[in-house]
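Down below is the structure, laid out as structure tokens.
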Ligand code: AMP
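Residue numbers (our numbering): 348 to 872.
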């Protein structure tokens, strides 16, 4: 049994050395190569001073070197931090500073996007460029050849050590880093291996970006089984027709993505059962898949097992529902199902009891999948990772998901919505407060309200209403530009409306319900 994520690779490299492990951007590497390159990079990282628990950033578009780097950091005893290559420089700088990244693995193009202030935080940069670029301040990838390939550095890591940190949107205006240990991730990987029976002949797609927890299944379950993972680039994922052709050409057997990616395929890729003929399992998670699209999916992939997976980054997937095709016709709402193995999930009612059948409450999760909390944010951690007061005999923590659920007679949980203003759009987790902070940081802005308008295809559309200190001093485009320097593209409001004064409730708060109603009535952008 593996207790460290990198052991999944060592095991498969011994069993299937010549088999293709990772494919990306037209190149692939075998299990032996993945093992050897990650050993070499791990030695290089150690030489650069990376020691146990040190954070190493990965800041470059998804490619074969991404997976080599993830494993190398773990082998060096470090903690990898995948940084969204499409995020604005300010946000990247914040993440690098927040978790104190020591070494940054990047490429020449991406490095140029970073400010001198950000670069001053890191000790050094390692370049993933295959060809030498002459940039003396970066350690070239070719230096890997100078380090031993046949063994990893000797670092005594244990399963409760951190493996990686994933940054998600934060309500107070800054992203927050969810800390994930080897045991957290392996609890999920082990459950997946059993439930989906992943085997060495499988070909898994990796649709999600690597800073998104959906990618954990694609990469580590492929390694666990000795299967191949096919990395789908950010560019390819924008074109449904090309994506469908990719699935067919690469004969993908297991697909995992957010529902909105599936919806776009269903709506724009002219799918046929033949095109999806190789797929045996379709997994989706991260947001609600409307029933009408699920029915279409079931028709177009008549033999595939379909699973609705639920869970926040803080626990990874913690409940699941295997779609019962015979129930589909009469089903009104898709359940999020029951707890995964080695995880307990229960709803807590407003009066503090564990919800019984027919009752609703906030979903809480306990078990080895639950995060320690947020990097360098004790206060936020205390609010979300709380003592399990149902356990009287010893101290234990549980995670409050903030999601409202109902436990139905069929034994399944059903997702009802959020307690707070976190939303999903195109599968991305977004705190509306982070966008409001970005708008309010403009000196000309007096008040800002960001609203989520439910949408069947993308989950939610984002709109904003803003009042200015000096009327007519700014245009919506100025504010769009200001925001795009602060938040990633997927968080940008598609419409910013200016008004003299935001409407208030009787208690003097911004009347968001009224604004939302008005915004929902406006035509789509
Ligand atoms: P993330 O941390 O990005 O995975 O987002 C976690 C949040 O996404 C959860 O707290 C839920 O609000 C939502 N979510 C995840 N999976 C599902 C699902 N299958 N159905 C509905 N909402 C989901």
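For glycine and all other residues, C-beta sits at the position ideal for the given N, C-alpha and C.
Please list the segments of the alpha helix (DSSP H) lying wholly inside the stretch 549-625, counting only runs of 4 or more residues, in order along the chain.
Counting whole runs of 4 or more residues, the stretch 549-625 contains the alpha helix (DSSP H) stretches 569-572, 587-596 and 606-615.
Any chance the stretch 564-576 sits against the stretch 734-750, with 3 or more Cβ pairs inside 8 Å?
no
Using 8 Å as the cut-off, can you tell me whether the stretch 537-544 makes contact with the stretch 503-522, which would need three or more C-beta pairs spanning the two stretches below that distance?
no
For ligand 3, is there a heavy atom less than 6 Å away from the beta-carbon of residue 778?
Ligand 3 is not part of this structure, which contains only ligand 1.
Under a Cβ-count criterion, where at least 16 other Cβ atoms within 10 Å of its own Cβ denotes burial, should residue 833 be classed as buried or exposed?
Residue 833 sits at position 486 when you count from the first residue of the chain shown. Looking at its Cβ environment, which holds 16 or more other Cβ atoms inside 10 Å, residue 833 is buried.
Just to confirm, are residue 690 and residue 714 a CB contact at a threshold of 7 Å?
One-based indexing of the chain shown puts residue 690 at position 343. One-based indexing of the chain shown puts residue 714 at position 367. For residue 690 and residue 714, yes; Cβs fall inside 7 Å.
Could you tell me whether any non-hydrogen atom of ligand 1 is closer than 6 Å to the CB of residue 655?
Numbered from 1 along the chain shown, position 308 holds the residue referred to as residue 655. Indeed, a heavy atom of ligand 1 lies less than 6 Å from the Cβ.
Contact test: residue 750 Cβ vs ligand 1 heavy atom, cutoff 6 Å:
As a working note, residue 750 is residue 403 in the chain shown. Judged by the Cβ position, residue 750 qualifies as a neighbour of ligand 1 at the 6 Å threshold, a heavy atom of the ligand being closer than this.
Taking only the alpha-carbon atoms, compute the straight-line gap between residue 419 and residue 383 and give it to the nearest angstrom.
Locating residue 419 in the chain shown gives position 72, where the first residue counts as 1. Locating residue 383 in the chain shown gives position 36, where the first residue counts as 1. About 10 Å.
Nearest candidate by alpha-carbon position, reference residue 852, set 862, 423 and 845:
Along the chain shown, read from residue 1 onward, the residue named residue 852 stands at position 505. The candidate whose alpha carbon is nearest that of residue 852 is 862.
Which residue or residues does DSSP assign as beta-bridge partners of residue 293?
Because the chain here runs from 348 to 872, residue 293 falls outside it and cannot be looked at.
Have a look at 371, 681 and 547 and flag the residue whose alpha-carbon is nearest the alpha-carbon of residue 763.
Stepping through the chain shown from its first residue, residue 763 is reached at position 416. Out of 371, 681 and 547, 681 has the C-alpha closest to the C-alpha of residue 763.
How should residue 462 be labelled, buried or exposed, when 16 other C-beta atoms within 10 angstroms of its C-beta is the threshold for buried?
Reading the chain shown from its first residue, position 115 is the one you call residue 462. Exposed: under 16 other Cβ atoms inside 10 Å.
From the DSSP output, in three-state form, read off residue 732 for me.
Numbered from 1 along the chain shown, position 385 holds the residue referred to as residue 732. Three-state result, residue 732: strand.
Sufficient close CB pairs (3 or more, under 8 Å) joining the stretch 592-602 to the stretch 416-436
no
So, with DSSP's three-state summary, where would you put residue 528?
Within the chain shown, the letter at position 181 stands for residue 528. DSSP places residue 528 in strand when its eight states are reduced to three.
Which class does residue 687 belong to by DSSP, given the choice of helix, strand or coil?
Taking the chain shown and counting its residues from 1, the one referred to as residue 687 is at position 340. Coil at residue 687, not helix or strand.
Round the Cβ separation of residue 615 and residue 587 to the nearest angstrom and send it over; I've been treating them as touching at under 8 Å.
The residue you call residue 615 lines up with position 268 of the chain shown. The residue you call residue 587 lines up with position 240 of the chain shown. Right, their Cβ atoms sit about 4 Å apart.
What whole-angstrom Cβ distance do residue 469 and residue 450 have, given they're in contact under 8 Å?
On the chain shown, residue 469 is found 122 positions in, with the first residue counted as 1. On the chain shown, residue 450 is found 103 positions in, with the first residue counted as 1. Yes, they are in contact, since the Cβ atoms of residue 469 and residue 450 sit about 6 Å apart, within 8 Å.
Below 8 Å on the Cβ atoms is my contact criterion, and I expect residue 645 with residue 672 to pass it. Report the Cβ-Cβ distance as a whole number of Å.
The residue labelled residue 645 in the question sits at position 298 within the chain shown. The residue labelled residue 672 in the question sits at position 325 within the chain shown. Contact between residue 645 and residue 672 holds: their C-beta atoms lie close to 6 Å from each other, under 8 Å.
Assign residue 725 to one of two classes, buried (16 or more other C-beta atoms within 10 Å of its C-beta) or exposed (fewer than that).
Translated into positions along the chain shown, residue 725 becomes position 378. Answer is exposed; the Cβ neighbour count stays below 16.
Am I right that residue 551 and residue 532 are in contact with their C-beta atoms under 8 Å? What's the rounded C-beta distance?
Counted from its first residue, the chain shown places residue 551 at position 204. Counted from its first residue, the chain shown places residue 532 at position 185. About 16 Å; that fails the 8 Å criterion.
May I ask you to check if the CB of residue 524 is nearer than 6 Å to at least one heavy atom of ligand 1?
Counted from its first residue, the chain shown places residue 524 at position 177. Because no heavy atom of ligand 1 lies under 6 Å away, the Cβ of residue 524 does not count as near it: no.
Could you check whether the Cβ of residue 635 sits closer than 6 Å to any heavy atom belonging to ligand 1?
Sequence index remark: in the chain shown, residue 635 carries index 288 (1-based). Of the heavy atoms belonging to ligand 1, at least one sits nearer than 6 Å to the Cβ of residue 635.
Rounded to the nearest angstrom, how far is the Cβ of residue 857 from that of residue 781, given a contact under 8 Å?
In the chain shown, residue 857 corresponds to position 510, counting from 1. In the chain shown, residue 781 corresponds to position 434, counting from 1. Contact flag wrong, Cβ pair sits at about 17 Å.
For residue 460, which residues from the same chain have a beta carbon less than 8 Å from its beta carbon, with the 5 sequence-adjacent residues on both sides left out?
If you number the chain shown from 1, residue 460 lands on position 113. So the list reads 436 and 439, once near-sequence residues are dropped.
Whose C-alpha, out of 811, 688 and 754, is nearest the C-alpha of residue 705?
As a working note, residue 705 is residue 358 in the chain shown. When each option's Cα is compared against that of residue 705, the closest is 754.
Starting from residue 860 and walking both ways along the beta strand (DSSP E), at which residues does that stretch end?
By 1-based counting over the chain shown, the position of residue 860 is 513. From DSSP, residue 860 is part of no beta strand (DSSP E) but of the alpha helix (DSSP H) over 859-868.
At a cut-off of 6 Å, would you count residue 599 as near ligand 1, judging by its Cβ distance to the nearest heavy atom?
Position 252 of the chain shown, counted from the start, is the residue given in the question as residue 599. For ligand 1, not one heavy atom lies less than 6 Å from the Cβ of residue 599.
Cβ separation of residue 494 and residue 453, assumed to be a contact under 8 Å, to the nearest whole Å:
Within the chain shown, the letter at position 147 stands for residue 494. Within the chain shown, the letter at position 106 stands for residue 453. Wrong, their Cβ atoms sit about 19 Å apart, outside the cutoff.
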